[in-house]
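Numbering (my numbering), first residue to last: 1123 to 1293.
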């Protein structure tokens, strides 16, 4: 029996995606990577770049304990419509600066444009929220970089460190 590490939700912030005018490839990349790493993707949603709607969706996922990890894609750049970091901070209880700092540092080894990401990482209740850029390439690079370490953080956050320890070789 395969141990499911954690439950993950994916939120894409995209005006065109929400209107059905653009295919949401980024969330599919995130879903594939999460599932390959043993996460159960329990929710996928596309919303317009509206601060209040993004915040309400994220708060609901966290407050109803639907996911241990909430990945967002999009809305982290410099466009006037990019509100994902602000929406995330609106509902945050604690920040996890190191995740976002590490993502930006890693991204800058790939492209200097990595410094333009405004993504944040926070905790609300027992859910870790991580903002990823919107491009499928950036989602793949950043999530591939983060996944090996995220399980340890989620072990501590959710207080479930022992459940999959044997299967992951930690016992």
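Even glycine gets a Cβ: it sits at the ideal position worked out from N, Cα and C.
8 Å Cβ cutoff met for residue i and residue j
{"i": "residue 1207", "j": "residue 1241", "result": "yes"}
{"i": "residue 1238", "j": "residue 1199", "result": "yes"}
{"i": "residue 1266", "j": "residue 1176", "result": "no"}
{"i": "residue 1191", "j": "residue 1180", "result": "no"}
{"i": "residue 1167", "j": "residue 1133", "result": "yes"}
{"i": "residue 1235", "j": "residue 1205", "result": "no"}
Residues near residue i by beta carbon distance below 7 Å, same chain, minus five either side
{"i": "residue 1189", "result": "1129, 1130, 1131, 1164, 1165, 1183 and 1249"}
{"i": "residue 1275", "result": "1250"}
{"i": "residue 1258", "result": "1147, 1148 and 1151"}
{"i": "residue 1292", "result": "Only weak support exists for where residue 1292 lies, its pLDDT of 49 falling under 50; the value from the coordinates is given anyway. For residue 1292, where only same-chain residues beyond five positions count, there are no Cβ hits under 7 Å."}
{"i": "residue 1232", "result": "1263"}
Cβ-based neighbour list, residue i, same chain, cut-off 8 Å, excluding 5 preceding and 5 following
{"i": "residue 1268", "result": "1221, 1224, 1225 and 1252"}
{"i": "residue 1137", "result": "1170, 1171 and 1203"}
{"i": "residue 1178", "result": "none"}
{"i": "residue 1214", "result": "1242, 1244, 1245, 1246 and 1251"}
{"i": "residue 1256", "result": "1134, 1135, 1136, 1148, 1195, 1196, 1197, 1198 and 1199"}
{"i": "residue 1212", "result": "1173 and 1177"}
Same chain only: Cβ atoms within 6 Å of residue i, ignoring 5 sequence neighbours per side
{"i": "residue 1261", "result": "1148, 1151, 1152, 1195 and 1254"}
{"i": "residue 1216", "result": "1245"}
{"i": "residue 1273", "result": "1127"}
{"i": "residue 1141", "result": "none"}
{"i": "residue 1229", "result": "1236"}
{"i": "residue 1209", "result": "1173, 1176 and 1177"}
Residues sharing a beta bridge with residue i, DSSP
{"i": "residue 1132", "result": "1166 and 1193"}
{"i": "residue 1254", "result": "1195"}
| message | Just to confirm the assignment: which complete alpha helix (DSSP H) runs, minimum length 4, are found wholly within the segment 1145–1188? | response | Counting whole runs of 4 or more residues, the segment 1145–1188 contains the alpha helix (DSSP H) stretches 1147–1158 and 1173–1185.
| query | Quick one: complete alpha helix (DSSP H) runs, 4+ long, within the segment 1182–1252? | reply | Taken in chain order, the complete alpha helix (DSSP H) segments of 4 or more residues contained in the segment 1182–1252 are 1206–1213 and 1219–1232.
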